[in-house]
Structures are given as structure tokens and as C-alpha cells.
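Quick notes on the structure that follows.
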Amino acid sequence: MKFTVLAQDGEARSGVMNLTNGDVKTPVFMPVGTYGAVKGITTNVLSEVKAQIILGNTFHLWLRPGVDIVDKFKGLHRFMGWNRPILTDSGGFQVWSLGKLRKITEKGVFFKSPLNGDSLFLSPEESMKIQKILNSDISMVFDECTDWPISKSQAYDSMQLSLRWAERSKVSFGEKNSLFGIVQGSMFEDLRRESLNGLINLKFDGYAIGGLSVGESKDDMLRILKSLVPIMPQNKPRYLMGVGTPEDLVEGVLNGVDMFDCVLPTRNARNGWLYTKYGNLKIRNARFSSDKAPIDNSCGCPVCGSNFFYSRAYIHHLQKINEMLGSVLTTTHNLWFYLDLMRQMREAIEKKNFSSWRQDFYYKRSVGV
Ligand SMILES: [Zn+2]
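For the sequence shown, position 144 matches number 232 in the working numbering, and the numbering has no gaps at all.
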């Protein structure tokens, strides 16, 4: 892949990644499609809300439908009907989430299937094999997501194991499409630096920051970002994994991050928690039961933006009766909000007014709906 920084404003930067299945403008937010589906949303709607790249979960797709099925379609794109770029995680995070059900060894991770209790094994080599069959535009190295909180010596051992696995991932992956390394080291700045330097020596196409948003304070997350991002390679994409709220994205971009993914906009949409320019709203709240306004009258999404828009009252009603259309509409709106936020940030960086844009963003978000 090729990555070009097009504009810079302070640490914030905009650029473009040329990937196998298309170009992606950064900074970018990647909607999460765990099982090869962004819940409730067709790929046509994903295009309508201007998604450029989506994320698939290696671990879940490996269990269901299984790689043999996806292989018959020569990859996930054709299987799910999405002809733009896809990034897949390595399965490391999901295996970590299994907690006591897993046993970590140098070779890889032995665990019981959460579906049927079968004994399963995932290693750097297995994860690369699966991601190559999924034919992801960007694959991620298999790493150990470090527990938090943790002692420094345990964080060091875990970071070193991830580095050895990163090397095995790289060797086994070969040259197909792109492979990103993942920086670990918990909340210890020197361990993070050591992890980054080890990965840089292995030469990856991009570098991700893993092991954040695991329960630490916002201050800890920002401290790690501020110390780590400026020393990450300038000419490679920087990806902050699993983050976050609209405000987290703004702070990530401010500090020089290029890529984000998170389940928040889609999961919250299904629970009726909606994002707007003037703050968040809970559409199930009784005060919206006869509200004729759209979710956000400044929003250009297919739900709010047409002349014959869907009202808050109608969406409130759909959510109250658990009609699936309610989730479809709220997910469409929330994804638009996130993706349009990224577009606004790219534009502000290009115009070199990111700082005043950010002030205005915080001011409006504090007004309240
Ligand atoms: Zn909208």
C-alpha cells in the first residue's frame, strides 16, 4: 500500500491510503462489521453514509461461517457484497476477552470455543492464514492484548511476547496486501517506545496502538498518545484501535492519529442513544414522543436530511416497540455523524483551521439537545 500525507496542521494530518480495493482518505473512522455485517445496514447504505473502509473480525468469521465458505468467494468482499477496502483484526483481542477460558503459550493461544466448547488454537501463523483467505486490504499482526491494570514486569513480558509474535506474523504473512504492527506496553511510556522501535525494525505498512480503551482513565490514554504518536513513523498510517467517543476521535486526530474503529455509534444506535452536533440524545425519552423535528436538523444523513425526513416522534415510536426499522434508522444516522465528523476534520486540517474547528465542536456539543 501507499500512504501520502497531504496536509498537516500542528500534529493533526490528512492523507490518503491507496489500498487494493480503493483509496481511503484519512483521518478515517471504520464502522465495525463483526461477522461481515455492520448490524442492520446494507452495503448500499454504508456507501450512502460514505463509509470508505470497514472492519471485520477474524476470530468471529473463523468460527462462523468458517474460512472454507469465505474462500469459495475469494474473500470477504464478494461474500458480503462490499467492493471497498476491509481491515481485519487478528483475533488477539477476542481471544483476550475470553479471560479464564484461554491458555497462552509461546506457540499461541489454546482456548475453548465460546460456541460449542471445542478445543481451538490460534497463533500468529493461523491468524495470518485466515486473514489472507479473508483477503483483507489491511491485516493486523496477532498480538497479546495486555491485561489492565498490570505490573510493569508483566507488561514487559507481554509486550516482548507480542513483538516475537509480530515477527512470526510478518514472516508468515509474506507480501500480500498490507500488514500493520500493533504497539503494546500498557500505560508505561518506555515500554510503549520499546515496542514501537521493535516493530519499526520489522518494517510494517502501518502502526496501530493497541491495549488502550481497556478501562484506563482518559488522562492515561492521552498521556500515552502524546508521548507515542509523535515518534511513530511520519510516512505510515497510525491507527488507534477500539476508540472511541466523538470527543476521543477529535483528541486522537489532534495528536496525529489517522485511523479509528469502534462499536459505539452502531451499538448505541440500537439502544436509542443518538449523536448530534449539539450533544447526545436518548430517543426513547418521553419528551420526544410527539417531537416533529428530525434527529438533528443540521444533519445531512438519509434519515434527517431529505425533505420528507423521519421525525424524532416516529423513531421514538419504532424504538419503543422494538421495530427493527428503528435500529436501521438510528444506525444510519449515527454512522453518518461519525463519518461526517471525520470529513469535517479532514477539511479543517486542509484549511489549517483545525484548532478553531475543535473549539467550535466542543462549544456546540455542550449546548445540549
Ligand atoms: Zn441524521
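Virtual Cβ for every residue (Gly too), placed ideally from N, Cα, C.
> Which one of L143, D177, F181, L186 has the shortest CA to CA distance from H165?
Replying inline: As a position in the sequence shown, residue 165 is number 77, starting the count at 1. The shortest C-alpha separation from H165 is found at L143.
> Among residues of its own chain, excluding the 5 on either side of G360, which ones have a beta-carbon nearer than 7 Å to its beta-carbon?
Replying inline: As a position in the sequence shown, residue 360 is number 272, starting the count at 1. Around G360, the same chain offers K370, I371, R372, Q407, T418 as residues with beta carbons nearer than 7 Å, after the five sequence neighbours per side are excluded.
> Hey, is F209 close to ligand 1, as in C-beta under 8 Å from one of its heavy atoms?
Replying inline: Taking the first residue of the sequence shown as 1, we reach residue 209 at position 121. Incorrect: F209 has no Cβ contact closer than 8 Å to ligand 1.
>> Measuring only from the beta carbon, is D336 closer than 8 Å to any heavy atom that is part of ligand 1?
In response: Here residue 336 refers to the residue found at position 248 of the sequence shown. Relative to ligand 1, D336 has its C-beta separated by 8 Å or more from all heavy atoms.
> Is it the case that the CB of H421 approaches a heavy atom of ligand 1 more closely than 8 Å?
Replying inline: To locate residue 421, count along the sequence shown from 1; it is residue 333. Yes, the Cβ of H421 comes within 8 Å of a heavy atom of ligand 1.
>> Using the Cβ count rule (16 or more neighbours within 10 Å means buried), how would you classify D225?
In response: Translated into the one-based positions of the sequence shown, residue 225 becomes position 137. With 16 or more Cβ atoms within 10 Å of its Cβ, D225 is classed as buried.
> Would a C-beta distance cut-off of 9 Å place D428 and C387 closer than the cut-off?
Replying inline: Translated into the one-based positions of the sequence shown, residue 428 becomes position 340. Translated into the one-based positions of the sequence shown, residue 387 becomes position 299. Yes; because the gap between Cβ atoms is below 9 Å, this pair is in contact.
> Does ligand 1 have a heavy atom nearer than 8 Å to the CB of P212?
Replying inline: Residue mapping note: residue 212 aligns to position 124 of the sequence shown, counting from 1. Flag unset: Cβ of P212 not near ligand 1.
> Counting only runs that start and end within the stretch 382 to 414, where is the alpha helix (DSSP H) found for 4 or more residues in a row?
Replying inline: Whole alpha helix (DSSP H) segments, 4+ residues: 400 to 408.
> Does the stretch 268 to 287 come within contact of the stretch 315 to 328, defined as at least 3 CB pairs closer than 8 Å?
Replying inline: Segment contact: the stretch 268 to 287 against the stretch 315 to 328, three or more CB-CB distances shorter than 8 Å; contact assigned.
> Which of the three DSSP states, helix, strand or coil, is assigned to V158?
Replying inline: Translated into positions along the sequence shown, residue 158 becomes position 70. The DSSP-derived three-state label of V158 is helix.
> At which residues does the alpha helix (DSSP H) containing V259 begin and terminate?
Replying inline: For this step, residue 259 is matched to residue 171 along the sequence shown. 240 to 261 is the extent of the alpha helix (DSSP H) around V259.
> When every heavy atom of ligand 1 is checked, does at least one fall within less than 8 Å of the C-beta of I383?
Replying inline: If you number the sequence shown from 1, residue 383 lands on position 295. It does: the Cβ of I383 is within 8 Å (strictly closer) of some heavy atom of ligand 1.
>> Am I right that T176 and L210 are in contact with their C-beta atoms under 8 Å? What's the rounded C-beta distance?
In response: The sequence position of residue 176 within the sequence shown is 88, counting from 1. The sequence position of residue 210 within the sequence shown is 122, counting from 1. 13 Å between Cβ atoms; not a contact.
>> Measuring alpha carbon to alpha carbon, tell me which residue in S201, S257, K200, D308 is nearest P237.
In response: In the sequence shown, the residue the question calls residue 237 occupies position 149. Residue D308 is the option with its Cα nearest to P237.
> Is F376 near ligand 1, judged by its Cβ being under 8 Å from some heavy atom?
Replying inline: Locating residue 376 in the sequence shown gives position 288, counting from the first residue. Checking the Cβ of F376 against ligand 1 gives no.
> Can you list the beta strand (DSSP E) stretches of 3 or more residues lying completely in the stretch 196 to 230, in chain order?
Replying inline: Runs found: 197 to 200, 207 to 210, 226 to 228.
>> Nearer than 8 Å: is that true of the beta carbon of V391 relative to any heavy atom of ligand 1?
In response: Sequence index remark: in the sequence shown, residue 391 carries index 303 (1-based). Yes, since a heavy atom of ligand 1 falls inside the 8 Å radius drawn around the Cβ of V391.
> Cα-Cα, which of D97, R172, F198 is closest to L107?
Replying inline: To locate residue 107, count along the sequence shown from 1; it is residue 19. Selection D97, R172, F198 evaluated against L107 yields R172 as nearest (Cα-Cα).
> Alpha carbon to alpha carbon, what distance is there between I157 and S46?
Replying inline: No answer is possible for residue 46: it lies beyond the span of the chain, which begins at 89 and ends at 457.
> Can you name, in chain order, every residue of its own chain whose Cβ lies under 8 Å from the Cβ of P390, other than the five neighbours on each side?
Replying inline: Counted from its first residue, the sequence shown places residue 390 at position 302. The beta carbon of P390 sits closer than 8 Å to those of V133, E136, V137, T420, W424, all from its chain and outside the five residues before and after it, given in chain order.
> Can you tell me where the beta strand (DSSP E) with G144 in it begins and where it stops?
Replying inline: Within the sequence shown, residue 144 is the residue found at index 56, counting from 1. Bounds of the beta strand (DSSP E) holding G144 are 142 to 144.
>> For ligand 1, I want to know if W361 counts as a neighbour, meaning its beta carbon is within less than 8 Å of at least one of the ligand's heavy atoms.
In response: For this step, residue 361 is matched to residue 273 along the sequence shown. Result no, Cβ not under 8 Å from ligand 1.
>> Between the alpha carbons of A436 and D97, how many angstroms are there, rounded?
In response: For this step, residue 436 is matched to residue 348 along the sequence shown. For this step, residue 97 is matched to residue 9 along the sequence shown. Taking the CA atoms as reference points, A436 sits about 9 Å from D97.
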